[in-house]
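Residue numbering for the sequence shown follows our numbering, beginning at 88 and increasing consecutively.
Even glycine gets a Cβ: it sits at the ideal position worked out from N, Cα and C.
As the structure is a computational prediction, the values presented were derived from the model and not from experiment.
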Amino acid sequence: MDDIEPVESGRRLRQVWISHPDQIEFLMSDTRRFLCEAIELAHVNLDNGGRPFGAVIVKDGEVVARGVNEILSTNDPTAHAELVAIRSASRTFGSPDLSGCAVYASGHPCPMCMAAMRLAGVGEVHYAYSNDDGAPYGLSTAAIYADLAKPFSEQSMTIRYEPVRLQSGLDLYEAWQRKQAARS
Ligand SMILES: [Zn+2]
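Next up, the structure:
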């Protein structure tokens, strides 16, 4: 027999049909809960004129940051939901190190966000809508992933290694090494 179980996430309350006992456990799981919150954030963003992406960052079972895609409202092409959430979390922690954090995103993270999460030390990523799910709607970054997997010389963007160095003064990276040594 079907039952209706309210699932609270984000700012809105939605009702989800439960048609099988196994689904109850799934619905109550943290993964499901956090992904639902990311999707709810995406819905709210959509209602506010934004793109349909949301993300939450979780540490020790608690949501520590939220983000939605703000490209259209800010004209910042890097304002993806995951990056907005990462910026919020790092501000909260006062550190660029997000080790021990997990990201729950409504959609398949793009390569930029995936790399940012790796650089920040995020250890876990979950997403609800795949690139295949998004492709019919123009919401897939699979082509960028495929392009980036190629050698630089074969990618669509011109990428060249030009080993230019300043003629005088300390080499840039040697200067960095000295600064580091002075701090330790
Ligand atoms: Zn992204």
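Span separating the alpha-carbon of residue i from that of residue j
i: T179; j: S243; result: 37 angstroms
i: Q254; j: P196; result: 42 angstroms
i: A262; j: T161; result: 36 angstroms
i: V251; j: Q264; result: 19 angstroms
i: T118; j: N132; result: 21 angstroms
i: G154; j: A202; result: 17 angstroms
i: L170; j: L259; result: 29 angstroms
i: A222; j: A229; result: 8 angstroms
i: E149; j: K266; result: 37 angstroms
i: D220; j: G194; result: 9 angstroms
i: R247; j: T165; result: 23 angstroms
i: S271; j: A176; result: 27 angstroms
Where residue i falls, given that 16 or more other Cβ within 10 Å makes a residue buried
i: G256; result: exposed
i: Q102; result: Low local confidence applies: a pLDDT of 44 at Q102 is under 50, so the model's placement there is unreliable, with the coordinate-based value given in what follows. Q102 is exposed by the Cβ-count criterion.
i: I126; result: buried
i: G210; result: exposed
i: A129; result: buried
i: G35; result: In the structure as shown, the chain begins at 88 and stops at 271. Residue 35 is therefore absent and cannot be evaluated.
i: G136; result: exposed
i: A142; result: buried
i: E241; result: exposed
Closest by C-alpha distance to residue i, when choosing among the options
i: N218; options: L226, E211, A129; result: L226
i: V151; options: I231, R174, P164; result: R174
i: S186; options: K146, F121, R120, D134; result: K146
i: I281; options: C200, Y216, V212, D134; result: As shown, the chain starts at 88 and ends at 271. That puts residue 281 outside it, with no answer to give.
i: A168; options: S177, E157, A176; result: E157
i: Y214; options: A166, A229, D234, V190; result: V190
i: F140; options: L122, G148, E149; result: L122
i: D134; options: L159, P238, Y224; result: L159
i: P198; options: G208, A233, D220; result: A233
i: I163; options: G181, L235, R138, R270; result: According to the sequence displayed, residue 163 carries Asp and not Ile. Measuring from the Cα of D163, the nearest candidate turns out to be R138.
i: L206; options: S182, A192, S116; result: S182
i: E124; options: T245, A172, A192; result: A192
Contact with chain D by residue i, beta-carbon distance below 9 angstroms
i: D219; result: Judged by its chain identifiers, the structure shown contains no chain D, having just a single protein chain.
Beta-bridge partners of residue i, as assigned by DSSP
i: R153; result: V143
The beta strand (DSSP E) enclosing residue i, as first and last residue numbers
i: C188; result: 188–194
i: V251; result: Premise fails: V251 is in no beta strand (DSSP E) and is neither H nor E.
i: H213; result: 211–216
Where the alpha helix (DSSP H) containing residue i begins and where it ends
i: C197; result: No alpha helix (DSSP H) holds C197; DSSP gives it neither H nor E.
i: R120; result: 117–134
i: A268; result: 259–270
i: D234; result: 229–235
i: L226; result: That residue, L226, is in no alpha helix (DSSP H); it is neither H nor E in DSSP.
i: L170; result: 168–180
i: S160; result: 158–161
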